[in-house]
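To convert, note that position 146 of the sequence shown is 147 in the numbering used here; the numbers rise steadily by one, no gaps.
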Amino acid sequence: MPTDLNKQNIGWYDRKRRDRGRRALERQLDYQEDKSASFSGHEDEMVRANFVRSQQIRRKIESVKPFCESDKILEVGSGAHGLIFGLGGSFGIGVDPLAVDYKRLFPKIQNTAPTIAAIGEELPFDDASFDIVLSDNVIDHAERPLVIIDEIIRVLKPGGVLYFTVNIHHPFYHLASRAHGAWNALGLKFELSPFADHTIHLSEKRIAAVFARLPLRVIEQNTTIRATKSAQRSSKATNPDALLKKVFFKNALFEIVAEKV
């Protein structure tokens, strides 16, 4: 948490952006507290499901680069049950600002890999430290999401493999998210969960442009936009959120597998 002196040394916009990032983390922790309670006595189910999905991603990565026991693997935003906990390998580590809380809430799954509490915008590792870096649908909860991508590329070795996903949306949600952030910053405390939980709403065009400027050879890049649109348009729900999604799709997945060059 920044000190009063730190608050004086940064501008109003940066302070409000920091506040928004902090609030998104608070809401994420509240959500995981509730999830931990609901899985009490059944955490083994979470461990098994995590292992299955992690191994699916491992096979995707191995199509580019076979795993070696000596590979150093990093997951940025390892969360409560990230890929690192079911991926295997001797040198895997997770980074998450809530890592200490997650160790308390989900001990069985968290004990399968070491984690450290740190933010993705300031990874505590040297340049070119890791053979494989993962980030699975987390950066849009952070204070400076696009800075995290630069940090991921910085710590990835040349020839190393990146696996990255993030939710993407119709551009409408970017405008709505900015409006939500603005009225809260100006003192109108009215939170809408989709915008309070996330600090940014990325479109396919915007996130693709970010990766296009990086020193990467893209192996695979795809989205679930078509399937997401179809599912949301055929939904029988009639609440305002569902009706809005019929016009402006939300929460499709952008996925990229790439090699650093």
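Backbone N, C-alpha and C fix where the C-beta goes; we use that ideal spot for every residue, glycine too. Model, not experiment: these values are computed from the prediction.
- Item | Secondary structure of Gly90, DSSP reduced to three states | coil
- Message: What does the alpha-carbon distance come out to for the pair Gly89 and Ile110?
- Response: 13 Å
- Is the beta carbon of Val162 less than 7 Å from the beta carbon of Ile120? no
- Going along the chain, which unbroken runs of the beta strand (DSSP E) with 3 or more residues stay wholly within the region 69-151? 73-77, 92-96, 131-137
- Message: Tell me the rounded alpha-carbon separation between Ser41 and Glu34.
- Response: 11 Å
- Just the C-alpha distance for Asp128 and Phe92, rounded to the nearest angstrom, thanks. 17 Å
- Query: Which whole-angstrom value is the C-beta distance of Phe250 and Lys230, which I expect to be below 8 Å?
  - Reply: 5 Å
- Near Asp45, what residues of its chain come up, given a Cβ to Cβ distance below 8 Å and the 5 sequence neighbours on each side ignored? Lys109
- Could one say the Cβ of Leu99 lies closer than 7 Å to chain C's Cβ atoms, at least one of them? The chain labelled as chain C is not found in the depicted structure, where only one protein chain is given.
- Cβ contact (3+ pairs, closer than 8 Å) linking the region 73-88 and the region 134-143: yes
- Item | Per-residue burial, Leu6 [other beta carbons within 10 Å of its own, 16 or more giving buried] | A caution first: Leu6 carries a pLDDT of 40, below 50, which makes its placement in the model too unreliable to give a value.
- Message: Looking at the strands, I want to know which residues DSSP matches up with Ala253.
- Response: Ile169
- Could you tell me whether the Cβ atoms of Leu99 and Phe131 are closer together than 7 Å? no
- Alpha-carbon to alpha-carbon, Ile150 and Leu26: 18 Å
- Going by C-alpha distance, which of Leu147, Gln233, Ser236 is nearest Ser204? Leu147
- Query: With distances taken between CB atoms, is the gap from Ala243 to Ser236 smaller than 7 Å?
  - Reply: yes
- Message: Quick test of your reading: Phe255 and Thr166, contact by CB under 8 Å. State the CB separation rounded to the nearest angstrom.
- Response: 6 Å
- Message: Give me the DSSP bridge partner(s) of Glu221.
- Response: Val258
- Three-state secondary structure (DSSP) of Pro67: coil
- Query: Grouping DSSP H, G and I as helix and E and B as strand, with all else coil, what is Gly160?
  - Reply: strand
- Count the other C-beta atoms from every protein chain shown that fall within 10 angstroms of the C-beta of Trp184, then say buried if there are 16 or more, exposed otherwise. Confidence in Trp184 is poor, its pLDDT being 48 and thus under 50, which makes the residue's placement too unreliable to answer from.
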